[in-house]
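J.: Protein sequence lines correspond, in order, to chains A and B. Sequential numbering of the first sequence, starting at 380, is according to this note's numbering. Sequential numbering of the second sequence, starting at 1187, is according to this note's numbering.
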Amino acid sequence: MRQIRELVMFKVRKDKQGVLLPVSLLAIFCVASGLVWADTPEVELRIRDHLFFPATLEIPANQKVKIRIYNEDPTPEEFESFELNREKVIVGNSQTVIFIGPLKVGEYPFFGEFYPKTAQGVVVVK
Amino acid sequence: MFLNAILIVLQETLEAALMLSLLLAFVRYFNLVNSGNVVLRRNWVLISLLSGAIFAWVYSENLGEISDSFDYVGLEIANASIHSVSCALLILLAWLFPESSTDSYVKNRLRGVNFCMVIVVVLAILREGSEIMQFGGGVLGQGEAGLPVFYGGLIGAGIGVSTGVLLYYGLTGGLSIQRSLRFCVLLLALTAGNMASQAILLLNQADWLPFSPIAWDTNNLLSEASVIGQLAYALIGYEATPSLMQVLAYSIGFIAVFASPISRLAWLGYQSPRVRRILGAVE
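Structure, rendered in C-alpha cells:
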C-alpha cells in the first residue's frame, strides 16, 4: 500500500515537473514573440483609381516591415514585385497585410499586376 | 487592357498546362512500356479540369473571407497549404509509380498514381484559375473594355495551352523512351521542388516563418521579368533571388522525387528482360 502511494506521489511530482518546463518555455516564447511582433513597424499603402498612395514607401533597412494595403477600388488588384519576391491578390474594397524584409538599402519597385499601366510604386529602403 | 489580359491569363494557364502535360507524359510512358497489359487511365483529365474550375470559382468567390482570416494572411496560408499538398502528392506519385505491369500491387499503385494526378491537376487549376477569375471578374464587373479583355484572355489561354502541348510533344516525341523518361523525372523533381519553395515563400510573406537571407542573385543572368524568366518560373519555379530556406525546401522536394525508384528506372535502366524487350521494340 505504501509502495503504491509512493509510486503515485512520485508520478504526480514527475508530472508537475514535466508540465512546468514546456509551460514556462511557452510563456517565454509568447512574451518574446509578442515583443518581436510589437517591434515590427507598419506602413500603409492605399490603392485608389488603380494608383498606389503613396507611390514611394520609405522603410528602414535590415528590419522586417508590415505593409497594410487598403484597396479602395471596387476591383481586385494584385500586388506584385519581382525584387521583393512578393505577390498577393487583394479583393476590391478590402484590406490586407504583406510582410517584407529585412531588406538591404536600395530601391524595390512593385506594381499592380491587374492594372500595371497606372499602378506603379517603389519601396525605398534607407 | 488587351495585352495585359493576354499576359495574365497566359501566366496562369501556362503553369497548369505544363503540369498537366508532364503528368500526361508519364501516363503515355507507362502505357507504352506496358503495351496495354495494365493501363494508366486518362479519363480523369476532363473531370479534373472541370472540378478544378468549379473549385477555383468557389475559392475566388470566397477570397475576401479567406484573405481576412489569420489576421489578414489567410490567403498565404491557404496557398501555402495548396502548394505543400501538391508537393507531397508529386513525391508520392514518384514513389508509387510502378516499374512495370508485373510489379506487385500494380493495380493499387496505379490507382494511387491516378489519385495523385487528379488532385495535383485540380489544385493547379484551383490556384491559377482563381486568379484569372479575380482579374476577369474585376475588369468585366466594371463594364469597361469587356470584349478586348475577353479576347485577350482567350489568346493568353490559347498560347498557354499550346505551350503545354508543345512540352508534351517535346517530352514524348523524337526522344528515345528512356531519355523521355529522364526528362519527365527531372521535371517532376523540379516541379516538386518548386512547390515546396513556393510554400516556404508564402509562409515567409505571412510572417509565419522567420526571415532567411537571400541565397544568390541571378538577376543579371536571367531577369525574372523577362519572357524566358517567366517561362522558367512557370516551368521550374525560377527565381532570381531565392532565400536560403527556399533553396533548402526546393532541394528537399527535388531529392525526394529523385530518390524514388522511378529515377532508378530512368537512369539505371530496366531490370526485367520483358520490359527491355518491349523497349527494344519501341526504340
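The beta carbon of each residue, even a glycine, is placed where N, CA and C say it ideally should be.
So, with DSSP's three-state summary, where would you put A:Pro488?
T.: Within the first sequence, residue 488 of chain A is the residue found at index 109, counting from 1. A:Pro488 falls in the strand class under three-state DSSP.
J.: Classify A:Glu423 as helix, strand or coil using the three-state DSSP reduction.
T.: Here residue 423 of chain A refers to the residue found at position 44 when the first sequence is read from its first residue. Reduced to three states, the DSSP call for A:Glu423 is strand.
J.: Let me check understanding here. Comparing Cα to Cα, which of B:Leu1193, B:Val1308 and B:Phe1283 lies closest to B:Ser1234?
T.: By one-based count along the second sequence, residue 1234 of chain B stands at place 48. The shortest C-alpha separation from B:Ser1234 is found at B:Val1308.
J.: By the 7 Å beta-carbon criterion, what residues does the region 449-471 of chain A contribute toward chain B?
T.: Thr454, Pro455, Phe461, Asn464, Arg465, Lys467, Val468, Val470 and Gly471
J.: My parser needs the alpha helix (DSSP H) runs of 4 or more residues fully inside the region 1230-1297 of chain B; what are they?
T.: 1230-1247, 1249-1258 and 1260-1282
J.: Is the distance from the Cβ of B:Ala1385 to the Cβ of B:Ala1266 below 8 Å?
T.: Sequence index remark: in the second sequence, residue 1385 of chain B carries index 199 (1-based). Sequence index remark: in the second sequence, residue 1266 of chain B carries index 80 (1-based). Cβ distance < 8 Å, so B:Ala1385 and B:Ala1266 count as in contact.
J.: Rounded to whole angstroms, what is the Cα-Cα separation between B:Ala1202 and B:Ile1268?
T.: The residue you call residue 1202 of chain B lines up with position 16 of the second sequence. The residue you call residue 1268 of chain B lines up with position 82 of the second sequence. Going from the Cα of B:Ala1202 to the Cα of B:Ile1268 covers about 13 Å.
J.: Could you check how far apart the C-beta atoms of A:Tyr487 and A:Val468 are, in whole angstroms? I think they sit under 8 Å.
T.: As a position in the first sequence, residue 487 of chain A is number 108, starting the count at 1. As a position in the first sequence, residue 468 of chain A is number 89, starting the count at 1. 20 Å between Cβ atoms; not a contact.
J.: Along the alpha helix (DSSP H) that carries A:Arg447, what are the first and last residues, could you check?
T.: The count along the first sequence starts at 1 and reaches residue 447 of chain A at position 68. Taken as a continuous stretch (DSSP letters only), A:Arg447 belongs to no alpha helix (DSSP H), being part of the beta strand (DSSP E) at Val444 to Asn450.
J.: Take B:Ser1412 and list the residues in its own chain whose beta-carbon comes closer than 7 Å to its own, dropping the five residues that flank it on each side.
T.: Along the second sequence, read from residue 1 onward, the residue named residue 1412 of chain B stands at position 226. Cβ contact annotation for B:Ser1412 (same chain, cutoff 7 Å, sequence separation greater than five): none.
J.: Quick one: any contact between the region 1295-1311 of chain B and the region 429-445 of chain A, if contact means 3 or more CB pairs under 8 Å?
T.: no
J.: Should B:Asp1257 go down as buried or exposed, given a rule of 16 or more other Cβ atoms within 10 Å for buried?
T.: Locating residue 1257 of chain B in the second sequence gives position 71, counting from the first residue. With fewer than 16 other Cβ atoms within 10 Å, it is exposed.
J.: Which residues of the region 484-497 of chain A have a Cβ closer than 7 Å to any Cβ of chain B? Give them in chain order.
T.: Glu492, Phe493 and Pro495
J.: Under DSSP, the beta strand (DSSP E) around A:Arg465 begins and ends at which residues?
T.: Start at 1 with the first residue of the first sequence, and residue 465 of chain A comes out as number 86. Counting along the chain, the beta strand (DSSP E) containing A:Arg465 begins and ends at Arg465 to Ile469.
J.: At 8 Å on the CB atoms, spell out the chain B contacts of A:Lys443, in chain order.
T.: Mapped onto the first sequence, residue 443 of chain A falls at position 64. Neighbourhood of A:Lys443 in chain B, by CB distance below 8 Å: Asp1393 and Phe1397, in chain order.
J.: Per DSSP, what kind of secondary structure is B:Glu1201 in: helix, strand or coil?
T.: As a first step, residue 1201 of chain B is located in the second sequence; it is residue number 15 there, counting from the start. Of the three classes helix, strand and coil, the one that applies to B:Glu1201 here is helix, per DSSP.
J.: Rounded to whole angstroms, what's the CA-CA distance from B:Ala1280 to A:Ile448? Just pull it up for me.
T.: Position 94 of the second sequence holds residue 1280 of chain B. Position 69 of the first sequence holds residue 448 of chain A. Their Cα atoms are separated by approximately 41 Å.
J.: For chain B, check one thing: does any of its Cβ atoms lie closer than 8 Å to the Cβ of A:Ile477?
T.: The residue given as residue 477 of chain A occupies position 98 in the first sequence. Closer than 8 Å: yes.
J.: Would you identify the three-state DSSP class for B:Gln1328, choosing helix, strand or coil?
T.: Along the second sequence, read from residue 1 onward, the residue named residue 1328 of chain B stands at position 142. Residue state, collapsed to three classes: coil.
J.: Could you work out which residues of chain A lie near B:Glu1425, taking near to mean beta carbons separated by less than 8 Å?
T.: One-based indexing of the second sequence puts residue 1425 of chain B at position 239. Residues of chain A passing the Cβ test: Asn464.
J.: Could you give the distance in angstroms between the alpha-carbon of B:Ile1400 and the alpha-carbon of B:Leu1373?
T.: Here the question's residue 1400 of chain B lines up with position 214 in the second sequence. Here the question's residue 1373 of chain B lines up with position 187 in the second sequence. If I take the Cα positions, the gap works out to 24 Å.
J.: Taking DSSP's pairing of strands, which residues face A:Gln499 in a bridge?
T.: Residue mapping note: residue 499 of chain A aligns to position 120 of the first sequence, counting from 1. According to DSSP, A:Gln499 bridges with A:Phe490.
J.: Would you mind stating whether B:Ile1341 and B:Asn1380 have Cβ atoms separated by less than 8 Å?
T.: Translated into the one-based positions of the second sequence, residue 1341 of chain B becomes position 155. Translated into the one-based positions of the second sequence, residue 1380 of chain B becomes position 194. No; because the gap between Cβ atoms is not below 8 Å, this pair is not in contact.
J.: Per DSSP, what kind of secondary structure is B:Glu1425 in: helix, strand or coil?
T.: Along the second sequence, one-based indexing puts residue 1425 of chain B at 239. Here B:Glu1425 sits in coil by DSSP.
J.: Which value, in whole angstroms, describes the spacing of the CA atoms of B:Gly1260 and B:Thr1358?
T.: Translated into the one-based positions of the second sequence, residue 1260 of chain B becomes position 74. Translated into the one-based positions of the second sequence, residue 1358 of chain B becomes position 172. Spanning the two alpha carbons is a distance of roughly 40 Å.
J.: Quick check on the DSSP output: the beta strand (DSSP E) that includes A:Ser473 runs from which residue to which?
T.: Counting from 1 along the first sequence, the entry for residue 473 of chain A is found at position 94. Taken as a continuous stretch (DSSP letters only), the beta strand (DSSP E) holding A:Ser473 covers Ser473 to Ile479.
J.: Exposed or buried, what is B:Gly1327 when buried is set at 16 or more other beta-carbons lying within 10 Å of its beta-carbon?
T.: As a working mapping, residue 1327 of chain B is identified with position 141 in the second sequence. Looking at its Cβ environment, which holds fewer than 16 other Cβ atoms inside 10 Å, B:Gly1327 is exposed.
J.: Tell me, please, whether the CB atom of A:Pro481 is closer than 8 Å to any CB atom in chain B?
T.: Within the first sequence, residue 481 of chain A is the residue found at index 102, counting from 1. Chain B, which has a Cβ nearer than 8 Å to the Cβ of A:Pro481, makes this yes.
J.: Taking Cβ to Cβ, would you say B:Ala1191 is nearer than 8 Å to B:Gly1415?
T.: Numbered from its first residue, the second sequence carries residue 1191 of chain B at position 5. Numbered from its first residue, the second sequence carries residue 1415 of chain B at position 229. No; because the gap between Cβ atoms is not below 8 Å, this pair is not in contact.
J.: Compare the C-beta of A:Gln499 against all C-beta atoms of chain B and say whether one is closer than 8 Å.
T.: Locating residue 499 of chain A in the first sequence gives position 120, where the first residue counts as 1. A:Gln499 does not count as touching chain B.
J.: From the beta carbon of B:Asn1190, is the nearest beta carbon of chain A less than 8 Å away?
T.: The sequence position of residue 1190 of chain B within the second sequence is 4, counting from 1. For B:Asn1190, the answer is yes, since a Cβ of chain A falls inside 8 Å of its Cβ.
J.: Exposed or buried, what is A:Lys483 when buried is set at 16 or more other beta-carbons lying within 10 Å of its beta-carbon?
T.: What you label residue 483 of chain A is simply residue 104 of the first sequence in a count that begins at 1. Flag for A:Lys483 reads exposed.
J.: Say whether chain A places a C-beta atom closer than 8 Å to the C-beta of B:Ile1363.
T.: Here residue 1363 of chain B refers to the residue found at position 177 when the second sequence is read from its first residue. No, no contact with chain A.
J.: What residue from A:Val444, A:Glu462, A:Glu423 and A:Thr435 has the CA that sits closest to B:Leu1393's CA?
T.: Taking the second sequence and counting its residues from 1, one reaches residue 1393 of chain B at position 207. The identity of residue 1393 of chain B in the sequence shown is Asp, whereas the question assumes Leu. Nearest C-alpha to B:Asp1393 among A:Val444, A:Glu462, A:Glu423 and A:Thr435: A:Val444.
J.: Using a 10 Å radius around the Cβ and a threshold of 16 neighbouring Cβ atoms, would you call B:Ala1426 buried or exposed?
T.: The residue labelled residue 1426 of chain B in the question sits at position 240 within the second sequence. Under this definition B:Ala1426 is a buried residue.
J.: Nearest to A:Thr497 by alpha carbon, out of A:Glu421, A:Arg427, A:Pro420 and A:Val422?
T.: Translated into the one-based positions of the first sequence, residue 497 of chain A becomes position 118. It is A:Arg427 whose Cα lies nearest to the Cα of A:Thr497.
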